[in-house]
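Right, one structure below, let's go through it.
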Amino acid sequence: MKRFRFLVVLLLAGLLTISCSDDDGGTSGGSGIADTDPLNPAPQGAAAQENVEAAATQAASAARIGTNDFNLRFVQTVQPCASCGIWFDSAQLVVQYSGDNNKPYTKVQNGSLLIKQASGSVGRFQANLGAIPAGAVINNATLNMRLNTGEGIANSDNSSVIEVYDAPTGAFVRRITAAADIKGRGYSKGNPVVPIDFTAYAKQVRGQ
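Each residue of the sequence shown is one higher than the last, beginning at 0 in numbering that gives the first Met the number 0.
Structure follows, in structure tokens:
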């Protein structure tokens, strides 16, 4: 009789052990699922890809700090009509900085600024900020881009988008839109110069 009771106790203990097991075969205290924070789940799909791209851009940008190489690539990413490319026939970079009697650094470039998505035409602008005296602090950097007065931008174009990248690394710098940055700044054939702010980028490549 005692042996029978002993067997019953063992059998009940085994059933209790089985009932405490997880469906996936692990014990309730050792599941890997417990390592995931339900309030802060790991990003998946598009969100994860955005994080990867953001990290890559940040790493690329960090690699450019202090090079003095103001080096831009202009790509049209929205082209509303077949003829809606954008043609800047010249550009002048003006960098205002402290010291040296506040004399600005300037660099003029003619050409290399026909930008059109359909034909794959991209614009380029480059300047060396190493000419700015050591220790000077950049206050403002403006790229005054002059649209060709004949074919610079279509009269009906209010939706073109240009994305600007650091040419050596491909790091994103800023967007230029027809609506806000060109037409919205009062562009006309009598006023073809469009001022685009690149202060943050200039400070970055300067190492400021």
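From the three backbone atoms N, C-alpha and C, an ideal C-beta is built for every residue, glycine too.
Measuring alpha carbon to alpha carbon, tell me which residue in the options is nearest residue i.
i    : options                : result
T66  : Y186, G119, Q125, G110 : Q125
Q203 : K182, V172, G119       : V172
P191 : V163, D165, N143       : N143
R145 : A199, A81, I137, V107  : V107
A199 : P103, Q78, N138        : N138
V163 : P103, G98, Q91, Q75    : Q75
D159 : D180, P167, T168, G149 : According to the sequence as given, residue 159 is Ser; it is not Asp. Cα-wise, what sits closest to S159 is D180.
C80  : N127, G206, A117, P103 : A117
Check whether the Cβ atoms of residue i and residue j sit closer than 8 Å, and answer yes or no.
i    : j    : result
V121 : I131 : no
A178 : N157 : yes
I175 : I152 : no
S89  : N109 : yes
Could you tell me the alpha carbon to alpha carbon distance between residue i and residue j, rounded to whole angstroms?
i    : j    : result
A140 : Y96  : 9 Å
N154 : A133 : 45 Å
V193 : R184 : 7 Å
A170 : I161 : 14 Å
N70  : D165 : 6 Å
S111 : R123 : 6 Å
I64  : T168 : 12 Å
G119 : F73  : 11 Å
L38  : E150 : At L38, the pLDDT of 37 sits below 50, so the modelled position is not reliable; the number obtained from the coordinates is stated separately. The straight-line gap from Cα to Cα measures roughly 54 Å.
K188 : Q78  : 21 Å
R205 : K182 : 31 Å
N127 : D68  : 5 Å
P103 : F197 : 15 Å
W86  : T105 : 21 Å
Y186 : Q207 : 32 Å
Q91  : G129 : 17 Å
Residue i and residue j look like a contact to me (Cβ under 8 Å); what is the Cβ gap, rounded to whole Å?
i    : j   : result
A135 : G84 : Between G84 and A135 the Cβ distance is about 37 Å, and since that is not below 8 Å, they are no contact.
A201 : V93 : With a Cβ gap of about 10 Å, A201 and V93 do not count as contacting.
Entirely enclosed beta strand (DSSP E) segments - the region 81-142, minimum 3 residues:
85-96, 104-109, 122-127
Please specify which runs of the beta strand (DSSP E), each continuous and at least 3 residues long, are wholly inside the region 133-194, giving them in chain order.
137-146, 160-165, 171-176
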